[in-house]
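Down below is the structure, laid out as structure tokens.
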Amino acid sequence: MSKTINIGIAGLGTVGCGVISNLSRNKENLKEKYDLEYNILGVSASNKTKKRSVSIEGFSWYDNPLDLAKNKDIDLIIELIGGEKGIAFDLAIETIKNKKGFITANKALISTNGKILSEISSKNNVFFGYEAAVAGGIPIIKTLKSGLFLDKINDIFGILNGTSNFILSRMNSANKNFDEALIEAQELGYAEANPSFDINGMDAAHKLSIISALSFGEFPSLENTNVTGIEKIQTIDHKYAKELGYKIKLVGKSSLINGKISKEISPMLVDEDSSLGTVEGVSNVVCINTDYNGTLILEGEGAGEGPTSASVLSDIIDFSQGTKSHLFGKSFDDLTNSVNNIEISNRCYYLRTFLVDQKGSMAKFTSILEKNGISIDQVIQRGDVHLKDEKNSTPVIMLTHPVDTDSINSAFLELINTDLISLNPIFLPVLKDN
Ligand SMILES: NC(=O)c1ccc[n+]([C@@H]2O[C@H](COP(=O)([O-])OP(=O)(O)OC[C@H]3O[C@@H](n4cnc5c(N)ncnc54)[C@H](OP(=O)(O)O)[C@@H]3O)[C@@H](O)[C@H]2O)c1
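Using my numbering, read the sequence shown as starting at 3 and increasing by one per residue.
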């Protein structure tokens, strides 16, 4: 016998309209494959008269999304508004209190309020799905909640933000500068009008905190997470990284080291032929390194209407089948507060600086590195490019031998206080085994 679920949708933007259109496209499929029928009993957004990519004429309009959660006939609320607090949070709480199912694509909401949401959803024993919140159409949440829990995860890492990956890919392949690549991303609808969270690493940090929680049994947390964005990367960095056999990617990595969790978002150099190096454009990839199952790699479209709405639909199917699981894989009482460890093992770094074009400057520069315990593996120095500033500086690129982060930080501070360089140098970690 088929099951009919009554749905309320809050938020009718890219994802909200995508869900309505994907549901309609799959109406017959859902019935045939899952015995599932649905009614959309209400929708809500900011502006009732706004032109949308789907018709909402047949649906009841709610000015206030919270009234959707109060409607006794609605079984499931789908929140596609966004934002870590405000209406998205209030709607989650109101829905759970009314013992309805809740689905969201909102990583900021889950990352920021994971503890309280885990507590009240388990207390009220309701369905809470958020597959669409991380890595678009890649089923990473279900994968981490599945039997993988029986294995020990050592680290989880990947490319978690499609917009920044698109920008870095275009800088590399089309020789665009950062601003040009960002404008292209905006024109193609890949970046928000305000893309700061994509560029400064915060969006990826929210997602990393969620998959880290699922991997290591903690509440999501951004505390003590090193977050560096892609703003300082220049086109020449891609050129020199390529010469050295690497690509530059914004990588999120969470590792379990001696019982503590180390989380980091940073542009890193990855081998150009590796699982991360070959992921271009808006795609995402997540690698899960386990004790017995080896390394699992999941790759796919990281954002956009199609993949994101597909993940929402997969949560709707789970809801209709009565599949319930703890929000972060373990019961509320078994989750721990994040015990972060920002200590990072020694590793190699890519260093790019613009060195003043003067006799002896290279010797002074390398002696600062040496004094700080940094030894150099490879150097590229070309006199053919000059910064158009009063110092007439030329780029110097180095690959270091493995070194600790304290040495890198102290060398950085010393270098920016000399007159040897133009612009602050950048140090990018080199990711091994990717
Ligand atoms: N876009 C993606 O590719 C993608 C991928 C994964 C996850 N997500 C997540 O999915 C969520 C939605 O993203 P989106 O790209 O679809 O955003 P969007 O296009 O900006 O749509 C947001 C929707 O929320 C509505 N809204 C704003 N404030 C509201 C309020 N107070 N009450 C009711 N409705 C309100 C807006 O109404 P109006 O339309 O009337 O202005 C709009 O329909 C976010 O959490 C985002 O992080 C997005």
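Just so you know, even glycine gets a beta-carbon here, dropped at the ideal spot from N, CA and C. Bear in mind the structure is a predicted one, so any value in this text is a computation, not a measurement.
Spatial neighbours of residue i within its chain, please: C-beta separation below 7 Å, excluding the five flanking residues on both sides.
i, result
"H240", "M173, N174, I250"
"K102", "A71, I76, D77, L78, I79, V128"
"S311", "V17, G20, V21, N24"
"I232", "S166, I169, L170, I201, L252, P269"
"A1", "The chain is shown only over 3 to 436; residue 1 falls outside these bounds and no answer can be derived."
"I58", "L14, V45"
"G375", "V405, S409"
"A193", "T165, L184, A187, D200"
"R54", "L14, C19"
"S412", "N374"
Can you give me the start and stop residues for the beta strand (DSSP E) that residue i sits inside?
i, result
"F61", "That residue, F61, is in no beta strand (DSSP E); it is neither H nor E in DSSP."
"K102", "Note, K102: premise wrong, no beta strand (DSSP E); not H, not E."
"D379", "378 to 383"
"F330", "Where F330 is concerned, there is no enclosing beta strand (DSSP E), given that its DSSP letter is neither H nor E."
"R354", "351 to 357"
"E266", "262 to 273"
"A12", "5 to 12"
"G254", "248 to 259"
"G302", "297 to 303"
"P404", "Careful: P404 lies outside any beta strand (DSSP E) and carries neither H nor E."
"P427", "423 to 431"
"I79", "78 to 81"
In terms of residues, what are the limits of the alpha helix (DSSP H) holding residue i?
i, result
"I410", "407 to 418"
"N286", "Where N286 is concerned, there is no enclosing alpha helix (DSSP H), although the beta strand (DSSP E) it sits in stretches over 285 to 292."
"D157", "No alpha helix (DSSP H) holds D157; the beta strand (DSSP E) holding it covers 155 to 161."
"I232", "No alpha helix (DSSP H) holds I232; DSSP gives it neither H nor E."
"S223", "Unbroken run through S223: none, as it is neither H nor E."
"L32", "29 to 36"
"F321", "307 to 322"
"S198", "198 to 201"
"I168", "Here residue 168 is Phe; the residue named in the question, Ile, does not match the sequence. Taken as a continuous stretch (DSSP letters only), the alpha helix (DSSP H) holding F168 covers 164 to 175."
"I370", "363 to 373"
"F180", "180 to 189"
"I118", "109 to 125"
"I70", "Note that residue 70 is Leu in the sequence shown here, rather than Ile. Element bounds for L70: 67 to 72."
"E245", "237 to 245"
"I142", "142 to 147"
Rounded to the nearest angstrom, how far is the Cβ of residue i from that of residue j, given a contact under 8 Å?
i, j, result
"I290", "L298", "5 Å"
"H403", "S377", "5 Å"
"N28", "I140", "19 Å between Cβ atoms; not a contact."
"P427", "F414", "7 Å"
"S62", "L32", "Contact flag wrong, Cβ pair sits at about 21 Å."
"Y351", "I410", "6 Å"
"K117", "E133", "Not a contact, Cβ separation roughly 20 Å."
"D153", "Y294", "5 Å"
"A305", "G203", "Actually they are not in contact, since the Cβ atoms of A305 and G203 sit about 16 Å apart, beyond 8 Å."
"V284", "I213", "Actually they do not touch by this definition, with Cβ atoms about 19 Å apart."
"E147", "G331", "It is worth fixing the name first, because residue 147 is Lys in this sequence and not Glu. K147 to G331, Cβ: 5 Å. Contact."
"L401", "L246", "6 Å"
"S264", "E345", "7 Å"
"F104", "T114", "Going by Cβ atoms, the distance from F104 to T114 rounds to 16 Å, so no, they are not a contact pair."
"L300", "I142", "6 Å"
Leaving out five residues before and five after residue i in sequence, what residues of the same chain have Cβ atoms less than 8 Å from its Cβ?
i, result
"N100", "A71, K72"
"M364", "L357, Q383, V398"
"T338", "G219, E220, F221"
"E121", "F334"
"T237", "M173, N177, K178, N179, F180"
"G385", "D359, T396"
Starting from the C-beta of residue i, find all residues in its chain whose C-beta is less than 6 Å away, skip the five residues before and the five after it, and write them out in chain order.
i, result
"Y36", "I319"
"N167", "I161"
"R354", "D239, I399, I428"
"A90", "E81, I83, N108, L111"
"I418", "N426"
"K255", "F159, E266"
"G302", "G139, I140"
"D273", "G279"
"I7", "Y40, D77, L78, S322"
"V56", "C19, I22, S23"
Is residue i near ligand 3, going by C-beta to nearest heavy atom under 7 Å?
i, result
"N115", "Ligands present in the displayed structure are limited to ligand 1, and ligand 3 is not among them."
- Does the segment 207 to 220 come within contact of the segment 106 to 113, defined as at least 3 CB pairs closer than 8 Å? yes
- Item | Three-pair Cβ contact test at 8 Å for the segment 175 to 187 versus the segment 314 to 323 | no
- Item | At least three beta-carbon pairs within less than 8 Å, the segment 122 to 135 to the segment 213 to 226 | no
- Does the segment 39 to 50 come close enough to the segment 9 to 27 to have 3 or more Cβ pairs within less than 8 Å? yes
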